[in-house]
Each structure stands twice: as C-alpha cells, then as structure tokens.
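J.: What the sequence shown shows, in our numbering, is residues 50 to 1038, in sequence order.
The structure that follows is given in the form of structure tokens.
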Amino acid sequence: MTAPLPLTTAMPAFALRFVGQEALPPRLSEFDREQFFTLTSAEVAAVREQFRSDHRLPAALMLMFMRVAGRPLDGFNVLPRNLLRHTAQVLAVSPPSIASLRSIYKRRQTLSKHQLWAKTYLGLRELEVDDEAALTAALLAQAADVSHADDLVQSASHWLFTRRILIPGARRLQDWARVAFAAVESQILGAVNAAVPPAAAQKVVAAAYSARPGTDTTHLEWLKTPSKRHGPGTLTETIDKVRYLKELGAQDWNLSAVSLAKQQAYARQVQARRPVKTREIKPTRQLIELVCFLRVTLLELTDVALLQTSRRSQQLFREAADKAQSNRIRGTTGLIQQAAKARSVLHDESKTWQARVLEARDLLAELGEAASGSFVSLVRKALAEDSQRVHACLAALTDLDFGGRSGDPGFEQWKSWTDLQRQGVTELKEGVPLPDVGAAWHGLVRDLDPRSGFRAFEACTMMSLRKSLRRGSVWLAHSLSFRERDQMLIPPADWALQRDEQVALLGMPKSAADFLEPLLANLMAGMSAVAEAQRRGKVEIGADGMLHLPAITALPDQAEPVRTRETIYNLIGSVQFPDMLLEVDAATGFSEALLGHRAQSTDELVALYGALLAHGTDADAKGVASMIPGLEPTQVTVAMRALEGSGRLRRANERVAEFQCRIPIASLWGDGDKASADMMSLDASRHLWNARVDPRRRTYAAGLYTHVRDRWGIVYDQPIVLNERQAGVAIEGIEQHNSAADRVRISLLAVDTHGYTNPAMAIAKLLGFDLCPRLRDLAERKLYLPRGFIVPDGLEAVTVRRVSLAAIERGWDELLRLAASIRSGRVSATLALQRFGSAAQGDPLHRAAEHLGRLLRTVFLCDYIAIDDFRREIHTLLNRGESVHQLQRAVYSGKVAPERGRRRDEMKAISGSHALLTNIVLAWNTARMHEVVERLKRDGIPVEDEWLRRIGPAHFSHVNFRGTMRFGVEKFAAALIQRVPGQAARLVS
C-alpha cells in the first residue's frame, strides 16, 4: 500500500486540486485513495487513542481531509463509498450511514473538537497578522505577472498550505486577490501615465479607434489582423504596421516598471475582444490595455518583420542558386560545343598546323574563361543581378533603427548602404568609400561597371545583415528576440557580483579545469572501451575510415506480451472521447487549472471542452459546436481565446502528465528521469506565413515539438518552424520541466540528429542533463579528442584531434554566464542557441561551447558504441516518442485551417491543447491498464512485470474521437462544478 503524502511534502501538480476545497471529493479512484486518503499506522493509533469507537471514523475523515485540503471539514455533503468502507476497515469499525455521520457533527462542540485535534496533530496553525502581511506581499509580487485575479486565489491557497497555515474561506481569499490585483493595476496606471502623458494618451486612444484612410477598418482592427501567407505584400504590410506604431511613439514608451508578462496579458485582452467592447470599459483600464497592446504589438511585429525579411532573403538566395544551376547547365552545353569546334579545327588538314593551333588556342581560351569560378560565385552573381527584389527587401527595413557592434560587417555595410540611399547613389563610382565586404564579394562589388558593383553591394549587405541579426551583433531596441546581447544575458556588472551564487545554483565548478578533469578521465575510459569493442568485433572501422555499428538485436518476440496486451485492451473496452475527458478531469482537475477556478456551470465546462477540441483537433469552433448538442460556436470561440497565452494550458498539462506518471504501473516503464524529444509536422495551409514544406511529405506544415518521458507522458510542448535546428527547443523543454521542485528531474534527453549541435550538448550539460543524439550521418561519428591525447591502437582512423582545451578555459566564464541566464529566465534556451549557435562563429563564447560540445559528444559516442544496453535505451526512448506521435495524429488527423495559427499565441494554444488531449488519452489508458492488471492478479491470472514493460498506453483504436459528443457532466458534477451551499448530503459509490 502506498504511503500517503504528508502535508509538508512538495505535492505534485495534479494533487493540488484538493488544496483549499471545502468538502470531501464525491468520487475517489483507488489511486487517489491510496495516494492521499489513506491512514498511516501512527494516525490509526492516534485516532484510536483519542476517540471512542463511534467518533473514530469522522475524526479520521477530518484528519485526512485537512491533510490534503489545508482547511477544516465543516460536515459531510458527499462521501465516496470506497473511502468510507476502506477507512472503517482500517479502524476496525462498522461503516455507519451518512445520516449517522451528519448527526455527529450537528453538535458543534464535537465538530470543533475534531477540527482542533486534527489541526494540532497535523501541526497547522491559525493565520496571524505577520502571516497576512507576508501573504499580501507575495500576492502583490505575483500580481505583477498574472493575467487574472483567479490565479491569485489559487496562489494564496497554495502559499498558506505550504506554510501549514489553515486556509480561510473562499470569500477572504478572493478579497486578498482582488486587493492585490487592484493595487498592482494602480501602480501600472501610474507607470503608463508617466510613459504616455495625458495629452499624448488622448491622441493614442483617438488614433487607435480612427479609421484607416480609404477603408472602414479602424487602426486597432488592422493591427490585430495577423500576417497571412509569405510574400513581399505580407512583409510590406508588417513594416507598415511597425511604421505606424513608431509614429505613435510606441518605441519610446518606457514600460520597464510593468513586467512583459503583464503587458502581454493586457494585450491579449484587447486581442480577444472587438474594438467596440474595448471602448466600453473604464477609461483608466482602457488606457492601460491599449498602451500595452500597442507596445507589445510593436515588439512582436518587429520580430515578425525581421523573420519575414530573413525568409525573403533566403528565398532570393535559393532562387539565385536555381538560376545559377540553370545557367551552368546551359553553359556546360556551350562548353562542349566550343570544345567540339576546337577539335574540328585541329583535324582540319586544309590549314597549316600553326594556323590550326592558334585558332584552337583562341577557342580553348574562351572555354577556360567560361569555366572559371565556383558555383557559389555564380550564385552570388545571380543574386546581384536580381537587383530589384534585393533592393526592395533592404528598402523595407529603412524605418528600423538598428544598433550594432562597431566593426561588425553586417552593421557597417547597413550604415554605408543607408548613407548611399540618402545621397541617392545608384552606382559605385571610383573613390566611393565602402566597408569591407570580404574576399568573396570583393570582385563583384568592385566591378568595372559601377551599377553592377552597386547591385552586388546591396546583395552583400542583405546577406550580411541577415547573418548579423542571427548572431546578435546587430539588434533592435523594440524587439523581443533581436535584442542586444547584454540585454539577454545577466549584465556584466551583476554577473561580477552574483557569479558565485549563480554558479552554485547551476551546480557547476567555478573553473574549467575542475570541470574538465573528470570529463577527460571518462573520455580515457570510454576510448579504452571502444577499443575493446573493436577487438571483440562489436564495432567495425570500414575502409572509408568511419565507425560502423551493427543493428541492435531485437528482443525475443515472445507471444505472451502480445497476448497480454490484447487481453488488457479487450478488458478495457471501447470508450467515447467525452467520457475520457470527464473521467481524467475528475481525477486531475485540469479544467480548474484552465479556468483558474472550478467551473461555475455545466455550460462553462462544456464550452471549455469544446475549446480544447477546437484548438487541439482539426475541427474548428463551428464544427465542434455541431458535434456537441446545445453548444453555440460563439461559446467555443470565447473559451478558445481564454486559453491563448495565459500559461494555463501548461499547468493543465502538468497536472495530467504528473497524474499519469504517478500511477504504479508507469514505474515499470522507467524511473521518470529520462525523456525523448522530437517534432511532429502538422499539415498546414500554404497561406500560413510561418509554414514550411515538410521535406518528407512535400506538403506545407507547422511543427509541434514534444518531450515524452520514459513513463510516456508529454512533459512539455511548443510550436516550432520546420527545417530549422531543434537543439534549442529540446533544451528549453527540459529546463522548463526541471525548474519545478515537485518533479523528478530529467537527467537524460534522447534526440535525433536535428535535435543536437555541439554547442547544445555543452549548454545542456551546464544545465544539468545529458543530450544524447541518435546520429544518422556516419561522418558525425568521428571521435574528437584534445591535442596530445593518447589514442588506443586501431582507433586512429576515426579520431580527429580538434578539441582545444584552451578555448574552453578562455570561454568558461561566458559559458557559465549564458547557462545562468537561461536558468534565471532572462533568455530562453531556444533564443540562446539561435544567437550563440553556428551564426556566431568567431565569438569566443561560441568557440568554447563548440569545443566543449565536441568533447562531450565523444564521451557520449564511446558509451553509445561500447554499451549495448545504453544504445538500446536511447532507441527505446525515441521509439516511444514515435508511438506518441501516432496517437497525436489520431487526435489531430486533418490540417491547420488557413485562418488559424498566424499568431504565436494561437499556435501555442494549438500545441498545448493537442498535447493535453494526447496526455488525457495516455493517462486514461494508464489508469485503466493498472486497474485491469490489478484485477487479473486478484483473480489469480499471472501477469509478469517483464510483459508489462513492453506494453505502452499509446493505444487509440478503442477511442471514438469523432461523431456526436455528449458530455455526461451530471455524473461528475460534484467534482467539477462549484458546489452550491446547502446541497443535500449523499453517499457516492
């Protein structure tokens, strides 16, 4: 029997649904009863010693309720039959009727006595003045980031619970939350008034509601309209919006006193409602929301404009490459013809040999001139010739005030180009000063034709600026992702003061030498193991100088695991998706996490489920409403907007994933400290500007990146763009998961080739986990070693001595600063790997990360090559991720509609809802598998643990995801709907 969680234990997310409740839950699964409502032997002895036999059961129920809820039980409204029966059995008393239990607590003195005893036994205390002051301060701090006062009510309950203070009534909690929320809003109003003086504020509000010239659309509606398909027109419209916001002065508004999360919360309020509704709210609140909306929109649109420009420059370069290839093919044909002419001349007996040689030499000289130059040089020339589109791409950015490092090629070329534009220069005459363009472009830029040289300089500037933006050497002040480097990292002055503390939080040594010493020892042992594996024939070094590994030997295909799986799922039977949602919600309370409170009515709950389905499946709001009787599309739409960007989908996923992980059968699948990460492409419209062509299926798609634990639950999800390196998002998911103290930390992450880079392996190690890639390319299985390292006999062909320990030592401090900045939340791992990845070549920080990553990759490869079980484990983790992807495709079988997914918040809602629906299926299947296995064992049917390890919960053929969906909420109303005071008591089986 599982020991119940004590009050002081950091409770998992799904267990927090009990905190602050006013009555016993109406139904309890056997899992919940064992985890949270089971008496320990010490508690049984204390109850027996303190109370006579007829009062033991209610006192025990009071004790268990206060342990998980943190507040006293005032009576018995509903009572789970299994809890009553089991508790009575443990106490060795006869189960009384609920009427008898209610009659005991009709006597207030008895009720107070039981409450006081349970409070004393659990070490709970009453709220004091100092406690209330501390709670108020904590709520004020949190109110600076949350989007709704309901979030503060939950936070207040959890704050009191963790400090063993009795939680007061709901009205008092709501009062604290409202006061804190209002106080922070008052501070924000002061910050907004300081940033935007009253006269300017009136103009801003008037401008937002004014109609755009020549249209009936207001500027506010125009700004709310997301970008459409990729193309020059979309880029022009995005830049027009940025230009308009800068004309309002949004780039100069100093809202540093308002957290970015709070600004985004206010912006979402404006985004979610029609402009006419925004005009109806209180003027002060309206001003706050509009200013935050305009400021956040400027930051986001600036990022979108730069991403669209980057993609446009990539497109132009790709088309130039296609043109160069076509020209090369045509040129090859001409070369052959020229050579044939030279051959015929040499064989022309009518001419003297001197004349033939001279004529053939002239022909061959033309051939040599035509054949000179690399393919890349031809691409650069073709790009320079595409002058009109290149110029338009650069000209679109002229209203952006770039900052940059002195001497950076992209920044210097941009400044020079803008100076030439102001002067009206269209050709590079002799003597025109230009920054260095590099050897590759020098010949084209200094062409004898001044116009050709200017066109080449524009093409060079476009490509250099793109690279500089990616590595962070060029930035914009009014941007989220393209900020100055020191704004993303811990400032140098703060780092100098906090270095020791930050390094201690990372758990890393202060010096590179202390880190490298054990790593080099592991490397030496690993190389010896590889050499031994080669001698035994477990690995081969081919004639190509590459490592060749034999395929992993499949496990014996025993019939028993297959029969066991079929038996289990046959006994589970088929299920309707609405029933699955309700059962998992009752067990985890994910709807409470999504709403910020318990649903007030059945309509609110069903609309929430409809919003989940509309975001997480291929059905839209209208389609979902047609599947759920009594639900209107407007109800679904309103609920969908409430799910966007608030962070509640993440909390709901955490509840369900933790619940699934804690079910006993899940422990057979792993320890919960390993995971895999991979992307699933979701078919999308080509009219979605951030959609890309899936290289496998040749269709437009968006990416959903998921982290799947060894126990099968999805622990993190995020939307990404296809065809980009996924190492940053892989690290980001684990860092976010490991940031919570109540979870098992993930120490190993398996990824495929797209999910790793050498710098990423270094950053992952500094953040406390190992990034383990399954390498597809044999060339990447080379073993990188430091210079002077002794290589075992036979491995010289697969080793490369290109690891500089000196580079690691020189960049160690900056590596720690980067890792600490990620840990503290100043910059995401995704953004950090973009700025300090391959685009930052030449930066000491990148060089240190690259060389440390090479060293770590070699240590990993030694284990991967020499240890069969380790290699099998990596493949098993990745295969589980692929199985979950199959389930995800069953949940979302269509494609993203053209009008959806254009905003980042909307794509996050699609990803989060889809992950939540997938987690719900995994959790429900896991719970049912556990129940069936326990029942089979009680019936004397042998079920081996080894068989169960090979059976997973990613099964979906028994689930009906389509058709009419009827939610039988009444069966679970007591667990999911806010209780109305005065309801009659009843016993629930």
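A virtual CB, placed ideally from N, CA and C, is assigned to each residue, including glycine.
1. Excluding sequence positions up to five away, which residues of its chain have a Cβ less than 8 angstroms from the Cβ of LYS290?
2. Would ALA915 pass as a contact of ALA582 if the rule is Cβ separation under 8 angstroms?
3. Would you mind sorting PHE424 into buried or exposed? The rule is 16 or more other CB atoms within 10 Å of its CB.
4. Can you check the segment 447 to 502 for any alpha helix (DSSP H) of at least 4 residues that lies completely inside it and give the ranges in chain order?
5. Is ARG76 helix, strand or coil by DSSP?
6. Taking 8 angstroms as the cut-off, does the segment 151 to 167 touch the segment 108 to 118 (at least 3 CB pairs, one atom from each stretch)?
7. Who are the near neighbours of VAL523 in its chain, counting only those whose CB is closer than 6 angstroms to its CB and skipping five residues on each side?
8. Answer with buried or exposed for THR975, where buried requires no fewer than 16 other C-beta atoms within 10 angstroms of its C-beta.
9. Could you tell me the boundaries of the alpha helix (DSSP H) in which ARG825 lies?
10. Tell me which residue opens and which closes the beta strand (DSSP E) that GLY752 is part of.
11. Buried or exposed, going by whether 16 or more other CB atoms sit within 10 Å of the CB of GLY456?
12. Count the other CB atoms within 10 Å of the CB of SER102; is the residue buried (16 or more) or exposed (fewer)?
13. Would you kindly check if the distance between the Cβ of ALA724 and the Cβ of LEU427 is under 8 angstroms?
14. Hey, out of SER90, SER528, LEU538 and GLU781, whose CA is closest to ASP352's CA?
15. If you drop the 5 nearest sequence neighbours on each side, which residues of the same chain put their C-beta closer than 6 angstroms to that of ILE1039?
16. Going by C-alpha to C-alpha distance, which of ALA779, VAL486, SER796 and LYS162 sits closest to PHE100?
17. In angstroms with no decimal places, state the Cα-to-Cα distance between VAL769 and PHE86.
18. Is the beta carbon of PHE1016 sitting closer than 8 angstroms to the one on VAL655?
19. Please classify GLN767: does DSSP put it in a helix, a strand, or coil?
20. Pick out the complete alpha helix (DSSP H) segments inside the segment 648 to 721, 4 residues or longer, and give them in chain order.
21. Would ASN968 and ALA706 qualify as a contact pair, given that the criterion is a beta-carbon distance under 8 angstroms?
22. Are the beta-carbon atoms of VAL42 and GLY665 separated by less than 8 angstroms?
23. Smallest Cα separation from ALA310: which of LEU880, LEU997, GLN883 and ARG875?
24. Once you ignore the five residues that flank LEU209 on each side, which residues in its own chain have a CB closer than 6 angstroms to its CB?
25. Rounded C-beta distance between MET629 and VAL1008? I'm assuming under 8 angstroms.
26. Output the boundary residues of the alpha helix (DSSP H) element that contains TYR258.
27. Given a cut-off of 8 angstroms on the beta-carbon distance, is the pair SER675 and MET512 in contact?
28. CA-CA distance, GLY1012 and PRO144?
29. When the Cα atoms are used, what is the spatial distance from LEU985 to GLN935?
30. My assumption, with CB atoms under 8 angstroms, is that MET537 sits in contact with LEU865. Please give the rounded CB distance.
31. Quick one: is ASN807 buried, meaning 16 or more other Cβ sit within 10 Å of its Cβ, or exposed?
32. For a quick check, are the C-beta atoms of ALA856 and ARG896 less than 8 angstroms apart?
33. Straight-line CA distance for LEU133 to SER78?
34. Determine, using beta carbons only, whether VAL852 and LEU904 come nearer to each other than 8 angstroms.
35. By the 10 Å Cβ neighbour count, where 16 or more other Cβ atoms means buried, how is VAL394 classified, buried or exposed?
36. How about the segment 812 to 831 and the segment 592 to 600: do they share at least three Cβ pairs that are nearer than 8 angstroms?
T.: Quick answer:
1. TRP271, LEU272, THR346 and LEU350
2. yes
3. exposed
4. 458 to 471 and 487 to 494
5. coil
6. yes
7. PHE451, GLY453, GLY459, PHE460 and SER517
8. buried
9. Taken as a continuous stretch (DSSP letters only), ARG825 belongs to no alpha helix (DSSP H), as it is neither H nor E.
10. 749 to 758
11. exposed
12. exposed
13. no
14. SER528
15. Beyond the ends of the chain as shown, which are 50 and 1038, falls residue 1039; an answer cannot be given.
16. LYS162
17. According to the sequence shown, residue 769 is Ile rather than Val. In a straight line, the C-alpha of ILE769 is about 42 angstroms away from that of PHE86.
18. yes
19. strand
20. 651 to 665, 670 to 676, 682 to 692 and 697 to 711
21. yes
22. Here the chain comprises residues numbered 50 to 1038, so residue 42 is not present and cannot be evaluated.
23. ARG875
24. ILE216
25. 7 angstroms
26. 247 to 258
27. no
28. 44 angstroms
29. 29 angstroms
30. At roughly 15 angstroms, the Cβ-Cβ gap does not stay under 8 angstroms, so MET537 and LEU865 are not in contact.
31. buried
32. yes
33. 13 angstroms
34. yes
35. buried
36. yes
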